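These protein sequence lines are chains D and V, in that order.
Residue numbering for the first sequence is -3 to 578, as defined by the numbering used here.
Residue numbering for the second sequence is -3 to 578, as defined by the numbering used here.
What follows is a set of notes on a single structure, which appears directly below.
There are 2 protein chains.
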Amino acid sequence: MTHADKLHNLRHSLAHLLAAAVLEIRKEAKLTIGPTIENGFYYDFDLNSPISDKDLPKIEKKMKEILRSWKEFESEEKSEKESKKYFKDNVYKLELIDEIVGKKEKITFYTCGGFTDLCRGGHLENPAKEINPDAFKLDRVAGAYWRGDEKNKMLTRIYGLAFETKEELESYLKMREEAEKRDHKKLGKELDLFTFSELIGAGLPLFTPKGTLIRDLLDGFVWELRKQVGYERVDIPHITKKELYETSGHWDKFKDDLFQINTRENHVFAMKPMNCPHHAQIYARKQWSYKELPQRYASTTKVYRDEQTGELSGLSRVRSITQDDAHVFCRFTDAKVEMENIYKIVKTFYGSFGFILQPRLSLHDKENMGDYLGTEEVWLSAEKSLREVMEKNSENGIEVVGEAAFYGPKIDFMAKDAIGREHQVATIQLDMNQPERFDLFCINEKGEKERVVMIHAAIMGSIERFMSVLIEHTAGAFPLWLSPVQVKVLPISEEKHGSFAKDIYKKLHDANIRVELDDSNEGLGKKIRNAKIEKIPYLIVIGDKEKDSNTLTVEGRNDEKLENITTEEFLTKLKEEIKNKK
Amino acid sequence: MTHADKLHNLRHSLAHLLAAAVLEIRKEAKLTIGPTIENGFYYDFDLNSPISDKDLPKIEKKMKEILRSWKEFESEEKSEKESKKYFKDNVYKLELIDEIVGKKEKITFYTCGGFTDLCRGGHLENPAKEINPDAFKLDRVAGAYWRGDEKNKMLTRIYGLAFETKEELESYLKMREEAEKRDHKKLGKELDLFTFSELIGAGLPLFTPKGTLIRDLLDGFVWELRKQVGYERVDIPHITKKELYETSGHWDKFKDDLFQINTRENHVFAMKPMNCPHHAQIYARKQWSYKELPQRYASTTKVYRDEQTGELSGLSRVRSITQDDAHVFCRFTDAKVEMENIYKIVKTFYGSFGFILQPRLSLHDKENMGDYLGTEEVWLSAEKSLREVMEKNSENGIEVVGEAAFYGPKIDFMAKDAIGREHQVATIQLDMNQPERFDLFCINEKGEKERVVMIHAAIMGSIERFMSVLIEHTAGAFPLWLSPVQVKVLPISEEKHGSFAKDIYKKLHDANIRVELDDSNEGLGKKIRNAKIEKIPYLIVIGDKEKDSNTLTVEGRNDEKLENITTEEFLTKLKEEIKNKK
Chain D
-3 MTHADKLHNL RHSLAHLLAA AVLEIRKEAK LTIGPTIENG FYYDFDLNSP ISDKDLPKIE
57 KKMKEILRSW KEFESEEKSE KESKKYFKDN VYKLELIDEI VGKKEKITFY TCGGFTDLCR
117 GGHLENPAKE INPDAFKLDR VAGAYWRGDE KNKMLTRIYG LAFETKEELE SYLKMREEAE
177 KRDHKKLGKE LDLFTFSELI GAGLPLFTPK GTLIRDLLDG FVWELRKQVG YERVDIPHIT
237 KKELYETSGH WDKFKDDLFQ INTRENHVFA MKPMNCPHHA QIYARKQWSY KELPQRYAST
297 TKVYRDEQTG ELSGLSRVRS ITQDDAHVFC RFTDAKVEME NIYKIVKTFY GSFGFILQPR
357 LSLHDKENMG DYLGTEEVWL SAEKSLREVM EKNSENGIEV VGEAAFYGPK IDFMAKDAIG
417 REHQVATIQL DMNQPERFDL FCINEKGEKE RVVMIHAAIM GSIERFMSVL IEHTAGAFPL
477 WLSPVQVKVL PISEEKHGSF AKDIYKKLHD ANIRVELDDS NEGLGKKIRN AKIEKIPYLI
537 VIGDKEKDSN TLTVEGRNDE KLENITTEEF LTKLKEEIKN KK
Chain V
-3 MTHADKLHNL RHSLAHLLAA AVLEIRKEAK LTIGPTIENG FYYDFDLNSP ISDKDLPKIE
57 KKMKEILRSW KEFESEEKSE KESKKYFKDN VYKLELIDEI VGKKEKITFY TCGGFTDLCR
117 GGHLENPAKE INPDAFKLDR VAGAYWRGDE KNKMLTRIYG LAFETKEELE SYLKMREEAE
177 KRDHKKLGKE LDLFTFSELI GAGLPLFTPK GTLIRDLLDG FVWELRKQVG YERVDIPHIT
237 KKELYETSGH WDKFKDDLFQ INTRENHVFA MKPMNCPHHA QIYARKQWSY KELPQRYAST
297 TKVYRDEQTG ELSGLSRVRS ITQDDAHVFC RFTDAKVEME NIYKIVKTFY GSFGFILQPR
357 LSLHDKENMG DYLGTEEVWL SAEKSLREVM EKNSENGIEV VGEAAFYGPK IDFMAKDAIG
417 REHQVATIQL DMNQPERFDL FCINEKGEKE RVVMIHAAIM GSIERFMSVL IEHTAGAFPL
477 WLSPVQVKVL PISEEKHGSF AKDIYKKLHD ANIRVELDDS NEGLGKKIRN AKIEKIPYLI
537 VIGDKEKDSN TLTVEGRNDE KLENITTEEF LTKLKEEIKN KK
């Protein structure tokens, strides 16, 4: 049995135990369903009167009490008639039985510690022995419609967390607490990075000056890395006739997910949900000699997707998505060098923030060659290139057969953040399909038309999503080069130290440091607390000592303290740190 | 009689003369209408067989011949019956007569030199004496539907140009010839700056690497000027719920001109045709103290307008318009300083390209105070500020009463280009309406809510349109700082001078000069011609002399020649020129 199966059985057994405990406390409870979920389980009950989070300790205590007697799950197959008789007062179970019968499946009942439920199975052999009573915890109560349909009755759902060991539960709780503190929606407001407007609509973030600064700096970093390897910026509109996507093949697949526009002349336009076909049209503007390739086009531009309101969340899931997108058009034989350049940019970019990358190469499945574009020979050659690039640049790469897109193999990157969560980030995709559909070629050495390939090369992918990950990864304490305010000057007394503080402020400002002067009438303690909330990397406290000696006392965000340094020395330190993006 | 009236009468008399001349050559010609237009006139004929541009000299000769006998226009009022009898074989004139009758207007016939036409009047007294036969010219033949309706018959339209003097005609022809050479659509293709795709659609330009570089540099220049006076960038989505425009008041006025979107959840969204309401929502995110004002938000972002296909033209009129937009939110009392800062940016920006600016202050009309928002006192005060700013910064400002927008006074700028054409460019508008509609305020010194004002401050307005103007103004020979390729290195012999040429190329490239090396096998003459077509500012020709002396020979685009200078000296010159944006 795999670890995942074992965990599933543990959590599933606990769902039964929860139902049994609730039934002991609330005799009238009608049981419905109780599946396992990520990190735990839940059970939905139909109750006469509401229960709340306050009731959970009592239920949990009851679970632990009866757990001792849960030594074995016994299963029994029953007829439809028997089953319906057993659950004659429970409309939910009757509905479930009808469904099982409809699917011509067997009806099974499972009993443990005297408690019986309609169930498909998948439990621990001996819950009393195998469940650590300190490794599970009831989490919270929520309302939930029967079958998720708002036309049905609202039930009471109790969520539980469950792991194999107490340590795992504790570590999960700690991570969750930390994640809540780092929630980018909360920090985004506190740090004044972005906002939403009801008049404009959900999923359409507005970026404030500070948030925009971060966006632009991130984008500038990626551009700096790209420029070094010959990328050029191009500019494209956000809309297109639908013919573009009919030609690219996207229309059939994505037409329901994109915003459609009917023009005054009755044409159907679409807001672009991706940039590749637009870039392909720029490539197609002229005939290229192989000597002029690769052409590498980059655009930081918004794409739009008609997401459902219920699925939107902060910057993680939005309707207006800014992509730092790029596409390389090159000969098949040049693709490896280009992909390696992209790989290096990904490593440098994510590495600079301390993310740990896990690359994953998606390959074709030779059993289903009919699903892919191009010959197996071409695929093997492309995959060999990608594999060599991955192996040369990472030690932890993994390969997955059959996960490639139909148009080519790809490398996806997962990034592990500061509290251990994994996020899907960049991807490098080789595309043999769009060049075919748009008839993109170059003239080779022999004077013949040669089909080119296209490489998709977004680094952040979505700037919004990357920002949400970065805010939570750094808990809002961005590296110096990215901090909207890098230094704050705090005079202890405005009257006595205000003028010296202004001089310092001006020196830093003129040296292009993003500096603020707190000349409010607050006490020093309050000034420092305010600056800490803003997560400002360096605070310069100005008092008599500093004024008299014409030196600075600098407090770093991480309790680093510099004393008696000159403004010039501090500037040198800042410039160095900014340059190194640390 | 004004000069414009006189010119109108001249051109109108020539339309008659054209009709008379055509009738003499083509007896069967049916006359229709012949109005004056900018720079001349036309007349539409229904002919049995086509005529072409080749026939124009003959017709022109005939006009000059009969002109001698055109000494006086005589008018005669006729009844409907008489008129219809006169034109019984001409369905066009019969239709016109019916219209005049329908409007209960008088029917007048005008006769000169024996030629009679249905006409409203407005001629010269003595064409033979007043028309200079060397000051008019038949221009071209075109097809035109009767009444501009494609369901009607296609007529033959003959265009003529006419001025008072021969010199004016010649100067117009010269300007037009120059304008054709400078046509941005032609140069845009030759210089590879932008392209269009049939799959994406008309009016949706795609900018190539070179065109995008120019866009970004122009935008960077504006941003540099703005940054100095405290602007901050913000970022906004391109769509919004229609509620935003219902609140701002734009929906009623512009709903037919914007792209509307029906979402999968059946909401009506719109693509933004302007940015002010979005910026207003960023301002509205929090409560501001007067101490935190002004807030100055800038975004370079595309707006979209559902223009009719027939009205689109190159970059001059597009559906995707990139605005270098900015809005200042400030107290009424701070508006003057802010407007002066914008005024200075406009002057610096347009001045750097050699445009001559003509500012125009649009004022309210005190007779119609009901049409305006706010009291006359506020208007007078706002206008006084704008007037003072204009007078302090320009000597040629003019004022126009009654041309203000309902929400506030404004200054518009016209820019005269290198061949004398005027273009409407930047505008500074004070807006007292949107702050009212969006309830935008600050907390003033007394702790009370105080309504703020909003200043609209786009510098280029539309980057596309500005680029079309700039391409034609410079004839594609952009100033050095803006040239996509600044220097081209041309080795005379690849074999003998290739290596030295590469060294020079590398030195310039490493110093951030946009340099290209022409290492093709073409002869020097061809290399130079190619570079001239690309309007590259500086060519470095590398031959034996340069290689042996380790110095450069540089040919400037304007026949400037530098000899025996070192690479370092040339670099210094380039850097200086780039810095000064000359």
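We put the CB at the ideal spot given by N, CA and C, even for glycine.
Computed from a predicted structure; not experimentally measured.
Note the first and the last residue of the continuous beta strand (DSSP E) segment covering methionine 450(D).
449 to 452
Would you mind giving the Cβ-Cβ distance between arginine 433(D) and glycine 245(D), rounded to the nearest angstrom? I have them listed as a contact below 8 Å.
6 Å
With contact counted as at least three CB pairs below 8 Å, one residue from each stretch, are the stretch 311 to 321 of chain V and the stretch 280 to 300 of chain V in contact?
When C-beta atoms of the stretch 311 to 321 of chain V are compared with those of the stretch 280 to 300 of chain V, three or more pairs fall below 8 Å, so the two segments count as touching.
Determine, using beta-carbon pairs with one atom in the stretch 157 to 173 of chain D and one in the stretch 196 to 206 of chain V, whether at least three such pairs fall under 8 Å.
no
From lysine 569(V) to asparagine 560(V), what distance separates their C-alpha atoms?
14 Å
Closer than 8 Å, Cβ to Cβ, to anything on chain V: give me those residues from the stretch 201 to 234 of chain D, in chain order.
Across the stretch 201 to 234 of chain D, CB contacts with chain V closer than 8 Å involve Pro201, Leu202, Phe203, Thr204, Pro205, Gly207, Thr208, Leu209, Arg211, Asp212, Glu228, Arg229, Val230, Asp231, Ile232, Pro233 and His234, in sequence order along the chain.
Any idea what DSSP makes of serine 316(D), helix, strand or coil?
Three-state result, serine 316(D): strand.
Tell me which residues share the same chain as glutamate 530(V) and place their Cβ nearer than 7 Å to its Cβ, disregarding the 5 neighbours each side in the sequence.
Leu187 and Val481
Within 10 angstroms of its Cβ, does glycine 156(D) collect 16 or more other Cβ (buried), or is it exposed?
buried
Between serine 285(V) and arginine 327(V), what straight-line distance do the alpha-carbon atoms span, to the nearest angstrom?
11 Å
Taking Cβ positions, are asparagine 493(D) and aspartate 413(D) nearer each other than 9 Å?
Correcting the residue type first, residue 493(D) is histidine in the shown sequence and not asparagine. In this structure, aspartate 413(D) does not lie closer than 9 Å to histidine 493(D) by Cβ.
List the endpoints of the continuous beta strand (DSSP E) containing lysine 484(D).
Segment 483 to 487, the beta strand (DSSP E) holding lysine 484(D).
Closest Cβ-Cβ distance between asparagine 258(V) and chain D: below 9 Å?
Residue-level contact check: asparagine 258(V) touches chain D, since one or more beta carbons of chain D fall below 9 Å from its beta carbon.
Hey, would you say glutamate 61(V) sits closer than 9 Å to threonine 104(V), going by beta carbons?
no
Taking only beta carbons into account, state which residues of the stretch 280 to 306 of chain V come closer than 8 Å to chain D, listed in chain order.
Ala280, Arg281, Lys282, Tyr293, Lys298, Tyr300, Asp302, Gln304 and Thr305
Between the CA atoms of glycine 457(V) and methionine 365(V) - distance to the nearest angstrom
29 Å
When Cβ atoms are compared, which residues of the stretch 245 to 269 of chain V fall closer than 9 Å to chain D?
Asp252, Asp253, Phe255, Gln256, Ile257, Asn258, Thr259, Arg260, Glu261, His263, Phe265 and Met267
Here's the rule I'm using: 16 or more other beta-carbon atoms within 10 Å means buried, otherwise exposed. How should threonine 204(D) be labelled?
buried
With cysteine 115(V) as the anchor, note down where its alpha helix (DSSP H) starts and where it stops.
First-last for cysteine 115(V): undefined, no H or E at that position.
Output, in sequence order along the chain, the residues in the stretch 506 to 517 of chain D whose CB is closer than 9 Å to any CB in chain V.
none
Measure how close the beta-carbons of alanine 25(V) and phenylalanine 41(V) come, nearest whole angstrom, since I'm counting them as under 8 Å.
About 5 Å; that satisfies the 8 Å criterion.
What residue range does the alpha helix (DSSP H) around serine 285(D) cover?
Taken as a continuous stretch (DSSP letters only), serine 285(D) belongs to no alpha helix (DSSP H), as it is neither H nor E.
If you follow the alpha helix (DSSP H) that serine 464(V) is part of, which residue opens it and which one closes it?
459 to 470
If I'm right that proline 355(V) touches serine 390(V) with Cβ under 8 Å, what's the distance once you round it to whole angstroms?
5 Å
Name the chain V residues whose beta carbon is nearer than 8 Å to that of threonine 344(D)?
Under the 8 Å cutoff, chain V gives no residues; its nearest Cβ is about 21 Å from threonine 344(D).
Valine 385(V) to threonine 208(V) span [Cα, whole Å]:
34 Å
Got a sec: is the Cβ-Cβ distance from arginine 315(D) to anything in chain V below 9 Å?
yes
Note down the Cα distance separating leucine 165(V) from proline 129(V), rounded to an integer number of angstroms.
11 Å
Can you find the residues in the same chain that come closer than 7 Å, C-beta to C-beta, to valine 345(V), ignoring five residues on each side of it along the sequence?
The sequence given here places phenylalanine at residue 345(V); valine does not occur at that position. Shown here for phenylalanine 345(V): same chain residues with a beta carbon closer than 7 Å to its own, the five before and five after excluded, namely Phe217, Val218, Leu221 and Ile455 in chain order.
What residues in its chain sit with their C-beta under 8 Å from that of valine 511(D), if we drop five residues either side in the sequence?
Val481, Gln482, Val483, Lys484, Val485, Tyr501, Leu504 and His505
Give, in chain order, every residue of the stretch 186 to 200 of chain V whose Cβ lies closer than 7 Å to some Cβ of chain D.
Thr191, Ser193, Leu195, Ile196, Gly197 and Leu200
Kindly confirm or deny that the stretch 46 to 59 of chain V and the stretch 120 to 137 of chain V touch, where touching means at least three C-beta pairs closer than 8 Å.
yes
For cysteine 438(V), the residue or residues it bridges with in DSSP:
Under DSSP, cysteine 438(V) shares a beta bridge with Trp284(V) and Glu446(V).
Candidates Phe409(D), Leu311(D), Pro290(D) and Ala331(D), of which the one nearest glycine 347(D) by Cα
Phe409(D)
In angstroms with no decimal places, state the Cα-to-Cα distance between alanine 471(V) and alanine 527(D).
For alanine 471(V) and alanine 527(D), the gap between their C-alpha atoms comes out near 53 Å.
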